[in-house]
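Structure first, commentary second.
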Amino acid sequence: EVLTAASEWVRDETDAEDEESDAFEDTCIAGMGWTETRLSYENDPDGAICIDRVDPLEMYWDPTATKRNLADARWVLRVKRIPFDEFEREWPDADVDLASGPWEEADDPPHRRLHVYPEDAYEHEQGASGKKVRRILVGQLQWAEAEESYRVGKRAERIGRAGFDKLRGKLDERKIAYVRQKGVRWRQAFIAGGSVLDSGDCPYPNGPTFRCMTYKRDRNRNLWYGVLRAMIEPQKFGNKFFSQILDILNKGAKGGVMVESDATDDLAKLQAQWARPDAIHVFRPNALSSGKVVPKPIVQWPAGLDRLLNFSLDAVHEVTGVSLEAIGFADRNQPGILEETRKRATLTILAPLFNSLRRYRKEQGRVLLHFIQRYLSDGRLVRIVGPEGNEQYVPLAKQSDTARYDVIVDEAPTSPNMRDRVFAALIQMIPLLAKMEIPLPPELLDYAPIPAVLSAKWKETIRAGPGAVPPQMRA
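If you're matching positions, the sequence shown starts at 194 in my numbering and goes up one per residue.
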């Protein structure tokens, strides 16, 4: 309960729900959404945990990773352009000239240019502030490093390779059992140009602090894609048919004429003024009666072109499985049961999205748990709100063993849709339960669409006993 309350406080302070909503939107569009969990000392000298959405175009990952949310990735990399003044504040001792150069030039002579940055094309341009903002490309790399250790004795203490080599003779002499084990340790480094700015252990020892949400994976290309991928081709078809219809209308509205060269004295003037409705066209005698001027036939509308256009536009949402009922665009009268069924069918088709979101919450929750215990367990008070609305303040202390054996990271069932479905079912059941004289627990109010404060007051009044409840309310 203490750790749960601490995680809720951290997520509220850093607006984690908004950041994760943006990352989830990236997943729907691009197939991948990223967040980073980090520690910031900018506003809080004691350290504040931040959960930030990361632009998917800044991220690179292990191409051998195939599991959902890149759970089996051995490295991740974020490449970000940082303003020059911010770079100097973060790494004041860095070699700016070496860090400003492209990574491909690290081993080449200084005069060779093998790579050109996009902003080089705008070298003489100025920003809105009146001066050019200089930026440096910085990569934040997190990778898993193989680590060898030994478990020694009944207490199963872990010893590194260097320490084990010193103790191996004594262990063999005393016949103390030991087992060789292989593990991984996550490391982190900041790279710019041809220089390594900083390196050390990753803030989270069991994985990267960059967490990813994925949708579907293209097995042949080994790429992740989003919901919009299936909508591209139908939209192209719709654009093609729409452009074709506009072209037919534009050409058919003006019409045309077929004229023999000797039908008029000024053929150029006729060409310039033929489309004008108020123009007067002068022809030679007997030109009209002899058929030297013949209007072109009007272009006929191809049969079925409008149906093809409607088919293409309807396919934009049909190929994704997202029905019009799910987004509230169904402009037709139909039974409510049918509409609810189609909404549930949409959620079933989009299940991989929510599976990735659920797995992301568990993975990010483990990272958040480590940050809370490692960086926030300094005795600060955490408010715990009980099921009855009562609250108390408990110091946040280190609980490494408790977190390992007693804490399960999972998401809470707080979905509004779930509460609505439960309350709709309760509305049907309550009259039957009342006729059967089955007592109704006060916890039913938790699923009612009312404020939590009002629900807590009602439950407190009900538990106070019949004497505290007016006769009208008991009736």
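Beta carbons are placed, not taken as given, at the ideal position from N, Cα and C, and that holds for glycine.
query = Buried or exposed: which applies to Arg469, given that a residue is buried once 16 or more other Cβ atoms fall within 10 Å of its Cβ?
reply = exposed
key: Identity of the residues DSSP links to Asp411 by a beta bridge   = Leu416
key: Distance, Ile623 Cα to Arg656 Cα   = 19 Å
query = Can you tell me where the alpha helix (DSSP H) with Ser162 in it begins and where it stops?
reply = Because the chain spans 194 through 668 in this model, residue 162 falls outside it and cannot be assessed.
message = Let's see if you can read the secondary structure: which residues bound the beta strand (DSSP E) around Trp227?
response = Met225 to Ser233
task = Have a look at the DSSP bridge pairing and note the partners of Met406.
result = Gly226
query = For Ala649, which three-state DSSP category applies?
reply = helix
key: Exposure of Trp494, with buried meaning 16 or more beta-carbon neighbours within 10 Å   = exposed
query = Looking at C-alpha atoms only, which residue of Val203, Asp288 and Val509 is the closest neighbour of Thr230?
reply = Val203
inquiry  = Using only CA atoms, which one of Ile542, Ser392 and Asn399 lies nearest to Trp379?
reply    = Asn399
Those residues which DSSP pairs with Arg246 across a bridge = Thr228
request  = Identify whether Tyr688 lies in helix, strand or coil by the three-state DSSP scheme.
outcome  = There is simply no residue 688 to check, as the chain begins at 194 and stops at 668 in what is shown.
task = Quickly, what does DSSP pair Leu270 with across the bridge? List them, please.
result = Tyr253 and Leu334
ask   = If Ala382 and Val331 are in contact, beta carbons under 8 Å, what's the gap, nearest whole angstrom?
value = No, Ala382 and Val331 are not in contact; Cβ-Cβ is about 11 Å, not under 8 Å.
ask   = Leaving out the 5 sequence neighbours to the left and right, which residues in its chain are closer than 7 Å to Ala508 when beta-carbon positions are compared?
value = Pro427
query = Considering only residues of the same chain and omitting the five flanking positions on each side of Glu235, which have a CB-CB separation below 6 Å?
reply = none
task = Tell me, please, which residues DSSP counts as bridged to Tyr343.
result = Ile352 and Arg373
task = Would you kindly check if the distance between the Cβ of Thr541 and the Cβ of Met424 is under 8 Å?
result = no
Cutoff 7 Å; reference Phe435; Cβ partners in own chain excluding five residues on either side = Leu502
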